Amino acid sequence: MRKSRFGEEQIIAILKESEAGVETGELCRRHGITRGCFYRWKGKYGGMEVSEAKRLRQLEEENHQLKHTVAGLLLDKRALQVVVAKKW
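Note that the sequence shown covers residues 69 to 156 in this note's numbering.
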């Protein structure tokens, strides 16, 4: 996945500008983002503080690592089941 050119701090600052009353179109034009990107950020980071966003990123990374580990273990389990199922 492509890394965003905006960090969590910048995204939250942009969203706070929107909450302060700046129009969405003006905000998007000033920061060079699309409305879709803005609303996706709003759905994900809306109402968050910077510390909460950083914690969210850490949890997402941990979840990715755990899913990768589980996938490896399931592959090992299936390989062992094939070996055990063979008739000697």
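All C-beta atoms, glycine included, are put in the ideal place defined by N, C-alpha and C. Owing to the predicted nature of the structure, the values given are computational and were not obtained by experimental measurement.
Along the alpha helix (DSSP H) that carries residue i, what are the first and last residues, could you check?
i           : result
residue 79  : 76-87
residue 146 : 118-153
residue 111 : 103-113
residue 93  : 92-99
Quick test of your reading: residue i and residue j, contact by CB under 8 angstroms. State the CB separation rounded to the nearest angstrom.
i           : j           : result
residue 83  : residue 114 : 6 angstroms
residue 138 : residue 80  : Between residue 80 and residue 138 the Cβ distance is about 32 angstroms, and since that is not below 8 angstroms, they are no contact.
Taking one C-beta from the stretch 143-152 and one from the stretch 107-114 each time, how about it: are there three or more such pairs within less than 8 angstroms? Three or more Cβ pairs closer than 8 angstroms define a contact, and the stretch 143-152 falls short of that threshold against the stretch 107-114.
If you pair each beta-carbon of the stretch 92-109 with each one of the stretch 118-134, do three or more pairs fall below 8 angstroms? Contact between the stretch 92-109 and the stretch 118-134 is not established, with fewer than three Cβ pairs separated by less than 8 angstroms.
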